[in-house]
Amino acid sequence: MNFFTCSFGFMSLGTFLGASLFFGQIVLASKVKILSELPIDNLRNFAEIFGIIKNGYVDHIEDEELLQYAIEGMLSSLDPHSTYLDFNDLKKLHEGTSGEFGGIGIEVTMENGFIKVVAPIDNTPAARSDIQSGDLIIRLNNASVKGLSLSEAIDIMRGRPNSELLLTIIRKGDHKPFKIKLTRTFIKMESVKHRMIEPGYGYIRISTFQSRTGDSLSKAINTLKENNNSSELKGLVLDLRNNPGGILDAAVDVSNTFISEGKIVYTEGRIRNSSRAFYAAPTDILKGSPLIVLVNGGSASASEIVAGALQDHHRAVILGSKTFGKGSVQTLMPLDNNNAIKITTARYFTPSGHSIQAQGIIPDVEIENINISMLKINDATQLREQDLSGHLEHSSSSKQKTKKDKIEPISDEELNVTIPLVVNDYYLSQALNLLKGIHIIALNNL
(Lines of atoms letter the chains of each structure in order from A and count residues from 1; the text may use other names and numbers.)
(Lines give C-alpha, C1' and ligand atoms only; values in the text may rest on other atoms or scores of the structure.)
Protein backbone atom coordinates (compact mmCIF):
# COMPACT_ATOMS: atom_id res chain seq x y z
CA MET A 1 0.00 0.00 0.00
CA ASN A 2 1.33 3.45 -0.89
CA PHE A 3 1.10 5.59 2.23
CA PHE A 4 1.44 8.83 0.33
CA THR A 5 -1.27 8.60 -2.28
CA CYS A 6 -3.55 11.63 -2.49
CA SER A 7 -6.60 9.66 -3.54
CA PHE A 8 -9.33 8.81 -1.05
CA GLY A 9 -8.84 5.30 0.24
CA PHE A 10 -9.29 3.53 3.51
CA MET A 11 -9.94 5.27 6.81
CA SER A 12 -8.48 3.85 9.98
CA LEU A 13 -11.00 2.83 12.62
CA GLY A 14 -8.72 1.32 15.24
CA THR A 15 -5.18 0.76 16.43
CA PHE A 16 -3.79 -2.75 16.69
CA LEU A 17 -0.98 -3.61 19.02
CA GLY A 18 2.04 -2.59 17.02
CA ALA A 19 0.19 -1.20 14.04
CA SER A 20 -2.86 0.74 13.03
CA LEU A 21 -5.11 -1.05 10.64
CA PHE A 22 -5.94 0.99 7.59
CA PHE A 23 -5.90 4.66 6.81
CA GLY A 24 -6.31 6.62 3.71
CA GLN A 25 -7.21 10.11 2.78
CA ILE A 26 -4.09 12.25 2.58
CA VAL A 27 -4.87 15.95 2.84
CA LEU A 28 -2.26 18.63 2.13
CA ALA A 29 -3.57 22.00 3.28
CA SER A 30 -2.38 25.26 1.75
CA LYS A 31 0.81 26.41 3.47
CA VAL A 32 0.02 30.07 2.76
CA LYS A 33 -3.32 29.77 4.50
CA ILE A 34 -1.75 27.97 7.46
CA LEU A 35 0.89 30.69 7.90
CA SER A 36 -1.71 33.45 7.73
CA GLU A 37 -3.66 31.87 10.57
CA LEU A 38 -0.76 31.18 12.94
CA PRO A 39 -1.26 32.70 16.43
CA ILE A 40 1.90 34.84 16.60
CA ASP A 41 1.58 35.76 20.29
CA ASN A 42 1.21 32.13 21.31
CA LEU A 43 4.18 31.15 19.17
CA ARG A 44 6.28 33.81 20.87
CA ASN A 45 5.27 32.26 24.19
CA PHE A 46 6.25 28.83 22.87
CA ALA A 47 9.62 30.16 21.70
CA GLU A 48 10.24 31.70 25.12
CA ILE A 49 9.49 28.41 26.90
CA PHE A 50 11.63 26.54 24.38
CA GLY A 51 14.56 28.84 25.16
CA ILE A 52 14.11 28.43 28.92
CA ILE A 53 14.14 24.63 28.64
CA LYS A 54 17.08 24.64 26.22
CA ASN A 55 19.25 26.80 28.50
CA GLY A 56 18.01 25.89 31.96
CA TYR A 57 16.98 22.24 32.00
CA VAL A 58 19.25 20.03 34.07
CA ASP A 59 20.30 17.90 31.08
CA HIS A 60 21.19 19.02 27.57
CA ILE A 61 18.54 18.15 24.99
CA GLU A 62 19.02 18.58 21.26
CA ASP A 63 16.68 21.04 19.52
CA GLU A 64 15.28 18.35 17.22
CA GLU A 65 14.42 16.09 20.14
CA LEU A 66 12.82 18.91 22.12
CA LEU A 67 10.66 19.94 19.18
CA GLN A 68 9.57 16.33 18.63
CA TYR A 69 8.46 16.20 22.29
CA ALA A 70 6.37 19.30 21.67
CA ILE A 71 4.77 17.79 18.57
CA GLU A 72 4.01 14.50 20.29
CA GLY A 73 2.53 16.27 23.28
CA MET A 74 0.36 18.48 21.08
CA LEU A 75 -1.08 15.49 19.21
CA SER A 76 -1.53 13.18 22.22
CA SER A 77 -3.45 15.94 24.01
CA LEU A 78 -6.08 15.96 21.26
CA ASP A 79 -7.40 12.41 21.71
CA PRO A 80 -6.05 8.86 22.23
CA HIS A 81 -5.85 8.17 18.49
CA SER A 82 -3.92 11.16 17.12
CA THR A 83 -0.16 10.62 17.06
CA TYR A 84 3.17 11.46 15.44
CA LEU A 85 4.71 8.74 13.27
CA ASP A 86 8.35 8.49 12.29
CA PHE A 87 9.74 6.15 9.63
CA ASN A 88 9.77 3.11 11.94
CA ASP A 89 6.20 3.82 13.07
CA LEU A 90 5.09 3.98 9.43
CA LYS A 91 6.81 0.68 8.72
CA LYS A 92 4.97 -1.00 11.60
CA LEU A 93 1.75 0.62 10.45
CA HIS A 94 2.24 -0.89 7.01
CA GLU A 95 2.93 -4.33 8.53
CA GLY A 96 -0.43 -4.16 10.26
CA THR A 97 -2.34 -3.62 7.03
CA SER A 98 -1.48 -7.15 5.90
CA GLY A 99 -3.16 -8.67 8.95
CA GLU A 100 0.15 -10.27 9.94
CA PHE A 101 2.45 -8.95 12.66
CA GLY A 102 4.39 -9.98 15.72
CA GLY A 103 3.14 -9.38 19.25
CA ILE A 104 0.69 -10.63 21.85
CA GLY A 105 -2.55 -9.88 20.01
CA ILE A 106 -4.52 -7.01 21.53
CA GLU A 107 -5.89 -3.73 20.30
CA VAL A 108 -5.08 -0.93 22.71
CA THR A 109 -5.63 2.76 23.31
CA MET A 110 -4.51 5.28 25.95
CA GLU A 111 -6.61 6.27 28.96
CA ASN A 112 -5.37 8.53 31.77
CA GLY A 113 -1.79 7.62 31.03
CA PHE A 114 -2.39 3.88 31.08
CA ILE A 115 -2.80 1.37 28.25
CA LYS A 116 -6.44 0.32 27.89
CA VAL A 117 -7.37 -2.92 26.20
CA VAL A 118 -10.03 -2.44 23.52
CA ALA A 119 -10.18 -6.15 22.71
CA PRO A 120 -7.98 -9.24 22.50
CA ILE A 121 -7.64 -10.75 19.03
CA ASP A 122 -8.93 -14.29 18.47
CA ASN A 123 -6.46 -17.16 18.78
CA THR A 124 -3.60 -15.04 20.15
CA PRO A 125 -1.62 -15.18 23.41
CA ALA A 126 -3.73 -12.32 24.82
CA ALA A 127 -7.03 -14.09 24.09
CA ARG A 128 -5.77 -17.40 25.49
CA SER A 129 -4.60 -15.67 28.68
CA ASP A 130 -8.07 -14.24 29.42
CA ILE A 131 -7.13 -10.60 28.89
CA GLN A 132 -10.42 -8.73 28.70
CA SER A 133 -11.80 -5.59 27.09
CA GLY A 134 -11.48 -2.70 29.51
CA ASP A 135 -8.39 -4.03 31.31
CA LEU A 136 -5.84 -1.32 32.16
CA ILE A 137 -2.18 -2.25 31.67
CA ILE A 138 -0.16 -0.29 34.24
CA ARG A 139 3.24 -2.02 33.97
CA LEU A 140 5.24 -3.67 31.19
CA ASN A 141 7.98 -6.00 32.47
CA ASN A 142 7.67 -4.31 35.91
CA ALA A 143 8.24 -0.81 34.41
CA SER A 144 5.40 1.72 34.73
CA VAL A 145 3.68 2.81 31.52
CA LYS A 146 3.13 6.30 32.97
CA GLY A 147 4.90 8.83 30.81
CA LEU A 148 5.05 6.56 27.77
CA SER A 149 3.29 7.43 24.54
CA LEU A 150 1.07 4.79 22.96
CA SER A 151 3.72 4.21 20.29
CA GLU A 152 6.45 3.74 22.90
CA ALA A 153 4.33 1.28 24.87
CA ILE A 154 3.58 -0.65 21.70
CA ASP A 155 7.30 -0.84 20.91
CA ILE A 156 7.84 -2.54 24.27
CA MET A 157 4.97 -4.96 23.77
CA ARG A 158 6.19 -6.02 20.34
CA GLY A 159 9.18 -8.31 20.04
CA ARG A 160 10.65 -11.55 18.81
CA PRO A 161 8.37 -14.60 18.64
CA ASN A 162 8.86 -16.86 21.70
CA SER A 163 10.10 -13.96 23.85
CA GLU A 164 8.16 -13.22 27.05
CA LEU A 165 6.30 -10.15 28.22
CA LEU A 166 5.00 -9.54 31.75
CA LEU A 167 1.86 -7.40 32.05
CA THR A 168 0.53 -5.89 35.28
CA ILE A 169 -3.21 -5.33 34.92
CA ILE A 170 -5.98 -3.56 36.79
CA ARG A 171 -9.44 -4.97 36.13
CA LYS A 172 -12.73 -3.43 37.16
CA GLY A 173 -14.16 -5.33 40.12
CA ASP A 174 -10.79 -6.69 41.29
CA HIS A 175 -9.35 -5.25 44.48
CA LYS A 176 -5.72 -5.31 43.45
CA PRO A 177 -3.58 -5.54 40.29
CA PHE A 178 -2.52 -8.93 38.95
CA LYS A 179 0.21 -10.10 36.58
CA ILE A 180 -0.01 -12.11 33.35
CA LYS A 181 3.05 -13.48 31.56
CA LEU A 182 2.65 -13.88 27.79
CA THR A 183 4.85 -15.36 25.11
CA ARG A 184 4.98 -13.28 21.96
CA THR A 185 4.17 -14.97 18.68
CA PHE A 186 3.75 -14.22 15.00
CA ILE A 187 0.10 -13.27 14.63
CA LYS A 188 -1.86 -13.92 11.46
CA MET A 189 -5.49 -12.92 11.77
CA GLU A 190 -8.22 -14.98 10.17
CA SER A 191 -10.98 -12.47 9.59
CA VAL A 192 -14.01 -14.76 9.07
CA LYS A 193 -14.93 -18.14 10.56
CA HIS A 194 -18.18 -20.06 10.16
CA ARG A 195 -20.04 -23.20 11.23
CA MET A 196 -23.55 -24.61 11.58
CA ILE A 197 -24.98 -24.38 15.11
CA GLU A 198 -27.97 -26.61 14.34
CA PRO A 199 -29.61 -27.69 11.08
CA GLY A 200 -30.84 -24.52 9.40
CA TYR A 201 -29.03 -22.11 11.71
CA GLY A 202 -25.60 -20.73 10.89
CA TYR A 203 -22.91 -18.93 12.87
CA ILE A 204 -20.29 -16.51 11.50
CA ARG A 205 -17.54 -14.89 13.54
CA ILE A 206 -15.76 -11.77 12.23
CA SER A 207 -12.67 -11.11 14.35
CA THR A 208 -11.46 -8.00 12.48
CA PHE A 209 -12.33 -6.01 9.37
CA GLN A 210 -9.76 -6.42 6.62
CA SER A 211 -9.80 -5.55 2.92
CA ARG A 212 -11.36 -8.87 1.85
CA THR A 213 -13.68 -9.42 4.82
CA GLY A 214 -16.79 -8.67 2.73
CA ASP A 215 -15.86 -11.31 0.14
CA SER A 216 -14.97 -13.82 2.86
CA LEU A 217 -18.34 -13.22 4.53
CA SER A 218 -20.27 -13.90 1.30
CA LYS A 219 -18.31 -17.11 0.72
CA ALA A 220 -18.97 -18.23 4.31
CA ILE A 221 -22.72 -17.69 3.95
CA ASN A 222 -22.81 -19.61 0.66
CA THR A 223 -20.88 -22.46 2.31
CA LEU A 224 -23.40 -22.55 5.16
CA LYS A 225 -26.21 -22.76 2.62
CA GLU A 226 -24.46 -25.67 0.90
CA ASN A 227 -24.13 -27.39 4.27
CA ASN A 228 -27.86 -26.83 4.73
CA ASN A 229 -28.70 -28.96 1.69
CA SER A 230 -28.41 -25.90 -0.56
CA SER A 231 -31.43 -24.36 1.16
CA GLU A 232 -31.84 -20.87 2.57
CA LEU A 233 -30.89 -20.57 6.24
CA LYS A 234 -33.62 -20.28 8.86
CA GLY A 235 -31.40 -17.77 10.65
CA LEU A 236 -27.85 -16.55 11.14
CA VAL A 237 -25.82 -15.32 14.12
CA LEU A 238 -23.15 -12.73 13.27
CA ASP A 239 -20.63 -12.57 16.12
CA LEU A 240 -18.82 -9.23 16.49
CA ARG A 241 -17.84 -9.62 20.14
CA ASN A 242 -14.32 -8.39 20.92
CA ASN A 243 -13.92 -7.25 17.33
CA PRO A 244 -11.77 -4.10 17.58
CA GLY A 245 -12.61 -2.79 14.12
CA GLY A 246 -10.69 -2.32 10.91
CA ILE A 247 -11.24 -0.49 7.66
CA LEU A 248 -14.31 1.52 6.83
CA ASP A 249 -14.79 -0.05 3.40
CA ALA A 250 -14.96 -3.51 4.96
CA ALA A 251 -17.62 -2.36 7.43
CA VAL A 252 -19.66 -0.99 4.53
CA ASP A 253 -19.25 -4.26 2.58
CA VAL A 254 -20.36 -6.37 5.55
CA SER A 255 -23.39 -4.15 6.20
CA ASN A 256 -24.31 -4.22 2.51
CA THR A 257 -24.29 -8.03 2.62
CA PHE A 258 -27.55 -7.83 4.61
CA ILE A 259 -28.99 -4.43 3.64
CA SER A 260 -30.55 -3.87 0.21
CA GLU A 261 -31.01 -0.11 0.17
CA GLY A 262 -30.49 3.12 2.06
CA LYS A 263 -27.62 4.75 3.93
CA ILE A 264 -25.13 2.57 5.82
CA VAL A 265 -22.94 5.19 7.51
CA TYR A 266 -21.81 8.76 7.02
CA THR A 267 -18.89 10.82 8.31
CA GLU A 268 -18.63 14.53 9.17
CA GLY A 269 -15.42 16.51 9.44
CA ARG A 270 -13.81 19.85 8.60
CA ILE A 271 -11.33 18.97 5.88
CA ARG A 272 -11.96 18.19 2.23
CA ASN A 273 -13.41 14.70 1.60
CA SER A 274 -13.83 13.99 5.33
CA SER A 275 -17.63 14.31 5.05
CA ARG A 276 -18.97 11.36 3.10
CA ALA A 277 -21.98 9.05 2.98
CA PHE A 278 -22.05 5.36 2.04
CA TYR A 279 -25.14 3.66 0.61
CA ALA A 280 -26.20 0.06 0.13
CA ALA A 281 -26.64 -1.61 -3.23
CA PRO A 282 -29.33 -4.30 -3.64
CA THR A 283 -27.86 -7.41 -2.02
CA ASP A 284 -29.17 -9.13 1.17
CA ILE A 285 -27.59 -12.50 0.52
CA LEU A 286 -29.76 -13.98 3.31
CA LYS A 287 -32.93 -13.01 1.42
CA GLY A 288 -34.57 -11.68 4.57
CA SER A 289 -33.76 -14.61 6.87
CA PRO A 290 -33.55 -13.57 10.56
CA LEU A 291 -30.22 -12.17 11.71
CA ILE A 292 -28.84 -11.75 15.25
CA VAL A 293 -25.69 -9.68 15.86
CA LEU A 294 -23.69 -10.36 19.04
CA VAL A 295 -21.75 -7.41 20.54
CA ASN A 296 -20.03 -6.49 23.79
CA GLY A 297 -17.71 -3.88 25.26
CA GLY A 298 -14.90 -5.09 23.02
CA SER A 299 -16.89 -4.42 19.84
CA ALA A 300 -15.44 -1.20 18.50
CA SER A 301 -15.18 1.03 15.47
CA ALA A 302 -16.07 -0.91 12.30
CA SER A 303 -18.05 -3.39 14.42
CA GLU A 304 -20.17 -0.52 15.68
CA ILE A 305 -20.76 0.74 12.15
CA VAL A 306 -22.16 -2.65 11.16
CA ALA A 307 -24.24 -3.06 14.32
CA GLY A 308 -25.57 0.50 14.05
CA ALA A 309 -26.51 0.16 10.38
CA LEU A 310 -28.29 -3.18 10.85
CA GLN A 311 -30.06 -1.85 13.93
CA ASP A 312 -31.25 1.38 12.28
CA HIS A 313 -32.53 -0.53 9.23
CA HIS A 314 -34.32 -3.02 11.53
CA ARG A 315 -32.50 -5.78 9.65
CA ALA A 316 -31.06 -7.49 12.73
CA VAL A 317 -31.58 -7.84 16.44
CA ILE A 318 -28.50 -6.60 18.33
CA LEU A 319 -27.89 -8.79 21.38
CA GLY A 320 -25.28 -8.47 24.13
CA SER A 321 -23.84 -5.53 26.04
CA LYS A 322 -23.06 -1.90 25.16
CA THR A 323 -20.23 -1.50 22.65
CA PHE A 324 -16.91 0.34 23.10
CA GLY A 325 -17.89 3.71 21.58
CA LYS A 326 -15.08 4.44 19.11
CA GLY A 327 -16.79 6.59 16.50
CA SER A 328 -13.98 8.68 15.05
CA VAL A 329 -12.01 8.48 11.81
CA GLN A 330 -8.23 8.87 11.58
CA THR A 331 -6.35 10.16 8.53
CA LEU A 332 -2.67 9.74 7.75
CA MET A 333 -1.00 12.99 6.64
CA PRO A 334 2.58 12.92 5.35
CA LEU A 335 5.14 15.56 6.35
CA ASP A 336 7.99 17.04 4.35
CA ASN A 337 10.57 15.11 6.44
CA ASN A 338 9.13 11.71 5.34
CA ASN A 339 7.43 11.26 8.69
CA ALA A 340 3.67 11.65 9.18
CA ILE A 341 0.93 12.39 11.63
CA LYS A 342 -2.21 10.34 12.19
CA ILE A 343 -4.95 12.72 13.20
CA THR A 344 -8.66 12.40 13.92
CA THR A 345 -10.48 14.16 11.10
CA ALA A 346 -14.12 13.08 11.35
CA ARG A 347 -16.84 11.40 13.37
CA TYR A 348 -19.06 8.75 11.89
CA PHE A 349 -22.80 8.40 12.34
CA THR A 350 -25.33 5.61 11.94
CA PRO A 351 -28.05 6.02 9.27
CA SER A 352 -30.43 7.61 11.81
CA GLY A 353 -27.81 10.22 12.79
CA HIS A 354 -26.62 8.59 16.03
CA SER A 355 -23.01 9.43 16.89
CA ILE A 356 -21.26 6.41 18.37
CA GLN A 357 -18.28 8.37 19.71
CA ALA A 358 -18.01 7.75 23.48
CA GLN A 359 -21.63 6.46 23.41
CA GLY A 360 -21.49 3.05 21.74
CA ILE A 361 -24.34 0.95 20.40
CA ILE A 362 -26.99 -0.06 22.92
CA PRO A 363 -28.25 -3.58 22.09
CA ASP A 364 -31.91 -4.30 21.47
CA VAL A 365 -31.58 -7.19 23.91
CA GLU A 366 -29.09 -6.45 26.69
CA ILE A 367 -27.35 -9.33 28.46
CA GLU A 368 -24.78 -8.85 31.18
CA ASN A 369 -21.70 -11.06 31.39
CA ILE A 370 -23.02 -14.41 32.57
CA ASN A 371 -21.14 -17.64 33.15
CA ILE A 372 -23.13 -20.83 33.61
CA SER A 373 -21.48 -23.98 34.97
CA MET A 374 -22.71 -27.55 34.95
CA LEU A 375 -22.75 -29.07 38.42
CA LYS A 376 -22.78 -32.69 39.51
CA ILE A 377 -23.53 -34.44 42.80
CA ASN A 378 -21.27 -37.40 43.39
CA ASP A 379 -23.15 -40.72 43.32
CA ALA A 380 -26.53 -38.99 43.09
CA THR A 381 -28.85 -37.65 40.43
CA GLN A 382 -31.77 -36.56 42.62
CA LEU A 383 -32.64 -35.45 46.16
CA ARG A 384 -32.53 -38.13 48.87
CA GLU A 385 -33.48 -38.37 52.56
CA GLN A 386 -29.91 -37.82 53.66
CA ASP A 387 -29.87 -34.53 51.80
CA LEU A 388 -32.65 -33.12 54.01
CA SER A 389 -31.63 -30.85 56.88
CA GLY A 390 -32.05 -32.57 60.29
CA HIS A 391 -32.62 -36.05 58.86
CA LEU A 392 -32.37 -39.09 61.22
CA GLU A 393 -29.08 -40.96 61.20
CA HIS A 394 -28.89 -44.62 60.17
CA SER A 395 -29.60 -46.63 63.39
CA SER A 396 -27.23 -49.59 62.84
CA SER A 397 -24.31 -47.68 64.25
CA SER A 398 -24.33 -44.53 66.31
CA LYS A 399 -20.75 -43.89 65.22
CA GLN A 400 -21.48 -44.07 61.52
CA LYS A 401 -21.15 -40.68 59.85
CA THR A 402 -23.37 -39.55 57.06
CA LYS A 403 -21.40 -38.92 53.90
CA LYS A 404 -21.89 -35.45 52.57
CA ASP A 405 -22.06 -35.23 48.80
CA LYS A 406 -19.65 -32.71 47.37
CA ILE A 407 -20.96 -30.42 44.67
CA GLU A 408 -18.33 -29.63 42.06
CA PRO A 409 -18.17 -28.57 38.42
CA ILE A 410 -18.77 -31.40 35.99
CA SER A 411 -16.20 -32.20 33.34
CA ASP A 412 -16.90 -33.10 29.74
CA GLU A 413 -14.38 -35.93 29.93
CA GLU A 414 -16.03 -37.49 33.03
CA LEU A 415 -19.49 -37.68 31.51
CA ASN A 416 -18.31 -38.21 27.94
CA VAL A 417 -20.98 -35.82 26.72
CA THR A 418 -20.97 -32.54 24.78
CA ILE A 419 -21.28 -29.47 26.98
CA PRO A 420 -24.58 -27.73 26.18
CA LEU A 421 -24.41 -24.48 24.22
CA VAL A 422 -25.97 -22.58 27.12
CA VAL A 423 -22.91 -23.48 29.23
CA ASN A 424 -20.29 -23.12 26.52
CA ASP A 425 -21.57 -19.75 25.20
CA TYR A 426 -24.61 -18.25 26.93
CA TYR A 427 -24.80 -15.31 24.50
CA LEU A 428 -24.89 -17.63 21.50
CA SER A 429 -27.48 -19.92 23.10
CA GLN A 430 -29.81 -16.98 23.66
CA ALA A 431 -29.26 -15.80 20.09
CA LEU A 432 -30.19 -19.26 18.79
CA ASN A 433 -33.34 -19.35 20.94
CA LEU A 434 -34.33 -15.92 19.64
CA LEU A 435 -33.74 -16.97 16.03
CA LYS A 436 -35.97 -20.01 16.51
CA GLY A 437 -38.69 -17.82 17.98
CA ILE A 438 -38.53 -15.36 15.08
CA HIS A 439 -38.66 -18.27 12.61
CA ILE A 440 -41.76 -19.74 14.29
CA ILE A 441 -43.51 -16.36 14.28
CA ALA A 442 -42.67 -15.90 10.58
CA LEU A 443 -44.12 -19.32 9.73
CA ASN A 444 -47.35 -18.52 11.62
CA ASN A 445 -47.74 -15.27 9.71
CA LEU A 446 -47.52 -16.95 6.29
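Counting in the numbering used here, the sequence shown runs without a single skipped number right up to 1676 at its last residue. Glycine is no exception: its CB is placed at the ideal position from the N, C-alpha and C atoms.
The Cβ atoms of V1467 and L1662 lie closer than 8 Å to each other. When the five nearest sequence neighbours on each side are left out, no beta carbon in the same chain lies closer than 8 Å to the beta carbon of I1270. Short of 7 Å from the beta carbon of K1402, and not among the five residues preceding or following it, lie these beta carbons of its own chain, in chain order: G1364.
Taking all protein chains shown into account, V1595 has fewer than 16 neighbouring C-beta atoms within 10 Å of its C-beta and is therefore exposed.
Contact between the segment 1516-1524 and the segment 1535-1550 is present: 3 or more CB-CB pairs across the two stretches fall below 8 Å. Comparing C-alpha distances from E1292 to each of E1302, G1303, F1280 shows the shortest one belongs to F1280. The beta carbon of G1550 sits closer than 7 Å to those of R1471, L1524, V1525, N1526, P1593, I1597, Y1657, all from its chain and outside the five residues before and after it, given in chain order. For I1591, the secondary structure class from DSSP, reduced to helix, strand or coil, is coil.
The criterion of a C-beta distance shorter than 8 Å is satisfied by Y1431 and L1665.
Contact check for S1519 against E1428 fails: the beta carbons are separated by 8 Å or more. Contact between the segment 1396-1415 and the segment 1437-1457 is absent: fewer than three C-beta pairs spanning the two stretches fall below 8 Å.
Contact annotation: the segment 1330-1343 touches the segment 1370-1385, with at least three C-beta pairs closer than 8 Å. The C-beta distance from R1577 to G1555 rounds to 11 Å, too long to fall under 8 Å, and the pair is not in contact. For Y1433, the closest C-alpha among the options N1458, K1411, F1416, I1351 is that of N1458. In this model, Q1560 and N1675 are separated by some 46 Å (Cα to Cα).
The segment 1350-1397 is shown to contain whole alpha helix (DSSP H) runs of 4 or more residues at 1355-1358, 1380-1387, in chain order. As computed with DSSP, E1295 is found in no beta bridge at all.
Under the three-state reduction of DSSP output, E1534 falls in the helix class. The C-beta of G1583 has fewer than 16 other C-beta atoms within 10 Å across all chains shown, which makes the residue exposed.
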